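If you count by my numbering, then the sequence shown holds residues 1 to 93, one letter each, in order.
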Amino acid sequence: MPEIEEQSRIVDAFDNLDEYIRLENDKLTKMGSLKRGLMHDLLTGKRRVTRFLAQAATRSVGGIEMGGAGPGDGAGSTRAGGSDQSLQASSCN
1 MPEIEEQSRI
11 VDAFDNLDEY
21 IRLENDKLTK
31 MGSLKRGLMH
41 DLLTGKRRVT
51 RFLAQAATRS
61 VGGIEMGGAG
71 PGDGAGSTRA
81 GGSDQSLQAS
91 SCN
């Protein structure tokens, strides 16, 4: 059996872990609530993400510029070394 001082240190360590777990669970609960609220606002049209879609419409992936004709249309084009190819997003049902 460990000495009383070591037992106290072990108890303190477990208390600290319990507090850490409680705080992380609180954060997780708050993030879930925030996500649900944001999803509700997005799905009901109270919030729009067009600014973020415009930024994401043209981006470089591995040195290849990826660009789309518009948000949500599922089509885009790639340009690498001057060639232009059409991309069509496939449905994943």
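C-beta: ideal position from N, C-alpha, C; glycine also. Model, not experiment: these values are computed from the prediction.
By Cβ distance, which residues of its chain are closer than 8 Å to residue i, with the 5 residues on each side in sequence left out?
| i | result |
| --- | --- |
| P2 | I10 |
From residue i to residue j, what distance separates their C-alpha atoms?
| i | j | result |
| --- | --- | --- |
| L38 | D15 | 35 Å |
| L34 | K27 | 10 Å |
| L43 | R36 | 10 Å |
| D12 | K30 | 27 Å |
| R22 | S8 | 21 Å |
For residue i, which residues of its own chain have a beta-carbon under 7 Å away from its beta-carbon, when the five flanking residues on both sides are left out?
| i | result |
| --- | --- |
| D41 | R47 |
Excluding the 5 residues flanking residue i on each side, which residues of the same chain have their C-beta closer than 6 Å to its C-beta?
| i | result |
| --- | --- |
| Y20 | none |
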